[in-house]
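Report on the following structure.
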Amino acid sequence: PATRSPTNWWPTRINKTNYPVGNRPAPPKGFRNREQHTAYYKSVINCLQDVWRPYLTALDIQQKPVGLVAYDLGVNTPCGSERQSKTAFYCPANATIYLSRNVYEFEADDGFYAGDTVVHEHFHHIQNQLGITRYARTYFDADEMEVSRRIELQDICSTSRLQLTLNMGVDADIYATFLKYSLGDEQHGTKETIIHWKNRGFYMTTLQGCNTWGVPSKDVAWPGFGHIIAAPCAERKVTKGTSACRWAGRS
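Take the sequence shown: its position 71, counting from 1, is numbered 529 in our numbering, and each next residue is one higher.
Set out below in structure tokens:
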């Protein structure tokens, strides 16, 4: 039967642990070309895989590699076809992060957005590996958009924390910029909701601090738009200066 309780499937052992610690140096101020941009993503993904491996091993979960595909005009994936409406997205069906030319153009002059994006998309992989995405969409008793908001807000909160524990050079000024440009939408909640979870992530030491599955609906709320059926891929907004990440939707 459906349940709102996360205790039936949220892995309590990892929930009580601290976020991984690593040493991923701050990104460059910008990228000279697309190859350098893609290489940066690969280096951060490798770092993230290294720091998460002991956690997955402790839970008897075999770590899956993360693919990375940079595309230009369009791409076909197990999550559907994409024609440049997104900048970056994670497809859980093949554990691959996809980067459009838009994401390179968006981040070419600001490496910190690249750092934010790659950590965010990789955490969708962690949610996938832990079974959070599948179980949430199967058993959590809420409509599809609320489930999507809980998935994304957990990721947004965790991304904030990981940028600190990985020593990625995010200081108070960069943090303030991330908060300033956090825009709301139906897949994430209001701007205030996103800022709440993003801000919370900077102060939480354990994964429990970003556990969106045990909070009331009002804490992940959206004031009410038309219902959208979410697709099984996570995406980034194209709007310049936006650090929120959207769950891909089909009308």
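Note that the Cβ used here is the ideal one computed from N, Cα and C, for glycine as well.
When the distance is taken between beta carbons, is residue j closer than 8 Å to residue i?
{"i": "M626", "j": "A484", "result": "yes"}
{"i": "E565", "j": "Y571", "result": "yes"}
{"i": "C615", "j": "W671", "result": "no"}
{"i": "Q585", "j": "I609", "result": "yes"}
{"i": "V561", "j": "T535", "result": "no"}
{"i": "G488", "j": "D568", "result": "yes"}
{"i": "C505", "j": "G480", "result": "yes"}
{"i": "Q621", "j": "D677", "result": "no"}
{"i": "T664", "j": "T475", "result": "yes"}
{"i": "R595", "j": "C668", "result": "no"}
{"i": "M603", "j": "E650", "result": "no"}
{"i": "I503", "j": "H582", "result": "no"}
{"i": "H646", "j": "I652", "result": "yes"}
{"i": "Y556", "j": "V533", "result": "yes"}
Measure how close the beta-carbons of residue i and residue j come, nearest whole angstrom, since I'm counting them as under 8 Å.
{"i": "T623", "j": "G659", "result": "Going by Cβ atoms, the distance from T623 to G659 rounds to 10 Å, so no, they are not a contact pair."}
{"i": "V576", "j": "Y529", "result": "V576 to Y529, Cβ: 16 Å. No contact."}
{"i": "A400", "j": "P523", "result": "No answer is possible for residue 400: it lies beyond the span of the chain, which begins at 459 and ends at 709."}
{"i": "P478", "j": "V509", "result": "4 Å"}
{"i": "N491", "j": "Q666", "result": "The pair is not a contact, with the Cβ atoms about 41 Å apart (cut-off 8 Å)."}
Between which two residues does the alpha helix (DSSP H) containing residue i stretch?
{"i": "L517", "result": "No alpha helix (DSSP H) contains L517, which DSSP labels as neither H nor E."}
{"i": "G659", "result": "K649 to G659"}
{"i": "A572", "result": "G569 to L588"}
{"i": "S616", "result": "E602 to T623"}
Starting from residue i, trace the beta strand (DSSP E) in both directions and tell me its first and last residue.
{"i": "S725", "result": "Beyond the ends of the chain as shown, which are 459 and 709, falls residue 725; an answer cannot be given."}
{"i": "V533", "result": "V533 to T535"}
{"i": "C549", "result": "A546 to C549"}
{"i": "E540", "result": "G538 to E540"}
{"i": "A665", "result": "The residue asked about is misnamed: residue 665 is Leu in this sequence, not Ala. First-last for L665: undefined, no H or E at that position."}
{"i": "V527", "result": "G525 to A528"}
Mark residue i as exposed unless 16 or more other C-beta atoms lie within 10 angstroms of its C-beta, in which case mark it buried.
{"i": "H531", "result": "Residue identity differs from the one stated: residue 531 is Leu in this sequence, not His. Label assigned to L531: exposed."}
{"i": "L517", "result": "exposed"}
{"i": "Q612", "result": "buried"}
{"i": "S675", "result": "exposed"}
{"i": "C482", "result": "According to the sequence shown, residue 482 is Arg rather than Cys. Burial call: buried."}
{"i": "E493", "result": "exposed"}
{"i": "S558", "result": "buried"}
{"i": "R607", "result": "buried"}
{"i": "P550", "result": "buried"}
{"i": "V673", "result": "exposed"}
Is residue i near the ligand NAP, in the sense that its beta carbon is under 7 Å from a heavy atom of that ligand?
{"i": "Y498", "result": "Looking at this structure, you won't find the ligand NAP or any other ligand, since it has none at all."}
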